[in-house]
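Report on the structure given below.
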Amino acid sequence: MEASEAKVLASACEPRRTVRTFDGTSLAPEARELLETLASNGENPYGIPVDLRLIDAETYGTTSRVIRGTSWYVVGALPRCPHAEEAFGYVVERLVLAAAAHGLGTAWLAGTIDRPTFERVVGVDRDENRIMPAVIAVGVPAARMSALERVMRSKLHADERAPWDTLFFQGDFAHPIASPDACDPTLAATLDCVRLAPSAQNLQPWRLVCSDGRIDLFEHRTLPLRPIGDVQLVDMGIAMLHLEAGLARQGAHGAWSFDGPAAGAAGASASATYVATISY
Ligand SMILES: Cc1cc2nc3c(=O)[nH]c(=O)nc-3n(C[C@H](O)[C@H](O)[C@H](O)COP(=O)(O)O)c2cc1C
């Protein structure tokens, strides 16, 4: 990831929030062009091809019951294969953060959508070798949230995040990082990017073990594993994007590998499954 792109993405981590209430206007041509350009970038650490496109869902008669004031969605599909969900999360979150940096609102939607219709739009219903883990609603945020959105945010504790010592560790799982002050400022800023990421039901399944020049990423599973389009694996891909952007903003180029955790972290937590390592 280029430093200039990372700066844009990382600076959007804090202001971004899920937007479910849009202002009712259609997307301006420039916004459509921007989203189409962003959607064409499927590059991801797994090299899995991700096809995304912007649609006016009204044309297809499809919708989400929690979204007000926009009919625009980014939809996509990818091959059904190991790590498809992580690749999807990474690619789509790059679009989400870039859209936020340009003043557009987005909502990740995996559950509260008319799934069969969206799957028809992307052709997944006719091809059992492809999956559609989620879609994104996109548009201009309304000045006020709908009553439904306010209730949803409150139920999900959407403005809250788990404490640092639940999510982040130094060296191994026996040594939680108590607060940003407990690690060097570069690492603290990077971890904060991850902490602010969106996740299905705000469950924040990511656990990060930091060692010298590397961070091992683990998944703490709380939802049953869905064999197709698992949302917690999508969350892990989202965390990977936030982690890479956060590091790159600090001038550290991260390289992904998938060959196992640092020796100290190995097997140290029964409830966490290894996902990936970024070395910098
Ligand atoms: C993979 C994924 C799936 C999600 N699915 C839905 C959904 O179906 N409906 C919904 O209203 N929000 C959905 N969300 C949004 C989360 O509820 C939201 O990210 C979380 O509550 C944190 O709030 P924030 O994004 O405003 O920080 C999803 C988020 C992710 C990352």
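Going by full-length UniProt numbering, the first residue of the sequence shown is number 1, and it counts up by one from there. Backbone N, C-alpha and C fix where the C-beta goes; we use that ideal spot for every residue, glycine too. Values in this document were obtained by computation on a predicted structure and should not be read as measured data.
message = Is it buried or exposed, Pro141, if we count other Cβ atoms within 10 angstroms and call 16 or more buried?
response = Residue mapping note: residue 141 aligns to position 141 of the sequence shown, counting from 1. The residue in question, Pro141, is buried, as its Cβ has 16 or more Cβ neighbours within 10 Å.
query = Name the DSSP bridge partner or partners of Leu208?
reply = Working through the sequence shown from its first residue, we reach residue 208 at position 208. The partner list for Leu208 (beta bridge, DSSP) reads Phe168 and Leu217.
ask   = According to the neighbour-count rule (16 or more other Cβ atoms, all chains shown, within 10 Å of its Cβ), is Asp230 buried or exposed?
value = Working through the sequence shown from its first residue, we reach residue 230 at position 230. With 16 or more other Cβ atoms within 10 Å, it is buried.
ask   = Can you tell which of Glu33, Tyr46 and Ala6 has its C-alpha closest to the C-alpha of Phe258?
value = By one-based count along the sequence shown, residue 258 stands at place 258. Residue Tyr46 is the option with its Cα nearest to Phe258.
key: Classification of Thr59 by the beta-carbon crowding that lies within 10 angstroms, buried from 16 upward   = Within the sequence shown, residue 59 is the residue found at index 59, counting from 1. Exposed, since its Cβ has fewer than 16 Cβ neighbours within 10 Å.
ask   = Out of Trp108, Thr63 and Lys155, which has the shortest C-alpha to C-alpha gap to residue 283?
value = Outside the modelled stretch of the chain, which goes from 1 to 280, sits residue 283, for which no answer is possible.
task = Report the option in Asp56, Pro49 and Ala239 whose CA atom is closest to the CA atom of Asn202.
result = Here residue 202 refers to the residue found at position 202 when the sequence shown is read from its first residue. For the residues Asp56, Pro49 and Ala239, the minimum Cα distance to Asn202 belongs to Ala239.
query = If you check the beta carbons only, do Ser146 and Thr70 fall under 8 Å apart?
reply = Position 146 of the sequence shown, counted from the start, is the residue given in the question as residue 146. Position 70 of the sequence shown, counted from the start, is the residue given in the question as residue 70. Result no, Cβ atoms of Ser146 and Thr70 do not sit closer than 8 Å.
task = Please go through the stretch 75 to 133 and give each complete beta strand (DSSP E) segment of 3 or more residues, from N-terminal end onward.
result = The stretch 75 to 133 contains these whole beta strand (DSSP E) runs: 105 to 109.
request  = Kindly identify the DSSP beta-bridge partner or partners of Gly139.
outcome  = For this step, residue 139 is matched to residue 139 along the sequence shown. Gly139 pairs with Gly105.
key: Same chain, Cβ closer than 7 Å to Val121, neighbours up to 5 away in sequence not counted   = In the sequence shown, counting from the first residue as 1, residue 121 sits at position 121. In chain order, Ile55, Tyr60, Thr62 and Val75 place their CB closer than 7 Å to the CB of Val121, counting only its own chain and leaving out the 5 sequence neighbours on each side.
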